[in-house]
Structure formats: structure tokens, C-alpha cells
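Asker:
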Amino acid sequence: MPYRHGDRALADRYEALLTRSRGLTLVDLDRSLLRAAARLRASHGIKPPDALQVAAGLRMRCGSLLTNDRRIPSPSNLPVFQLNDHS
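Position in the sequence shown (first residue = 1) + 5 = this note's numbering.
1) Within the chosen definition, does the region 44-51 reach the region 11-19 through at least 3 CB pairs nearer than 8 Å?
2) Can you grab the Cα-Cα spacing for the pair Asn82 / Ala61, in whole Å?
3) Can you name the start and end residues of the alpha helix (DSSP H) that Thr24 belongs to?
4) Rounded to a whole number of angstroms, what is the C-alpha to C-alpha distance between Arg64 and Leu29?
5) So, with DSSP's three-state summary, where would you put Leu71?
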């Protein structure tokens with residue numbers, strides 16, 4: 006939304022939060038990650054950005070995925086928790 010509203014300062018703050026926070030890891034996109042995301046899209050019918058996040062979480066062997074999006078499925082080896090359920 007910051008880019009949509011032309012708010013570059015807010016976009017910069019988001020980027021800093023997402024790239025410098027402890028416990029967060031950025032995962033580079035590569036062909037194998039894109040394939041894994043495509044398989045998730047095919048099997049679960051989720052949108053590309055969500056499929057990329059789940060595929061990255063699986064690759065990094067994350068303990069869980071935290072989201073507000075109830076449409077993201079929970080693969081058997083990656084529990085998905087909804088923020089709204091824990092607030």
C-alpha cells in the first residue's frame with residue numbers, strides 16, 4: 006500500500022523492518038522454489054505470493070507460518086497460525 010499511495014518513507018520503514026528484524030529470514034527466489042510454489046498452487050489453489058511464502062517456509066524448515074490470511078493452507082509439515090486467533 007505505501008507504493009500505491011506514494012508514501013516512499015513508509016515503504017522504506019517496512020523494508021527496514023522486514024530485512025533487519027531478528028528472527029526473519031529472506032529467501033532468494035530460484036527455479037526450484039518457483040517449481041515448489043507452482044506445485045502448491047496446483048494442489049491447494051492458492052495465489053502465487055502465498056504459494057511462494059509457503060514454499061519458502063517449507064524450504065527453510067520453519068517451525069510455522071504466521072499470517073492473517075485464512076486462505077493459506079497448512080501443509081502437513083508447516084503449521085499455519087492465524088494472527089486473529091491469538092490476539
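Each residue gets a CB set at the ideal place from its N, CA and C atoms; glycine is no exception. Since the structure is predicted, the reported quantities are computational estimates derived from the model, not experimental observations.
Answerer: To lay it out plainly:
1) no
2) 13 Å
3) 13-25
4) 14 Å
5) strand
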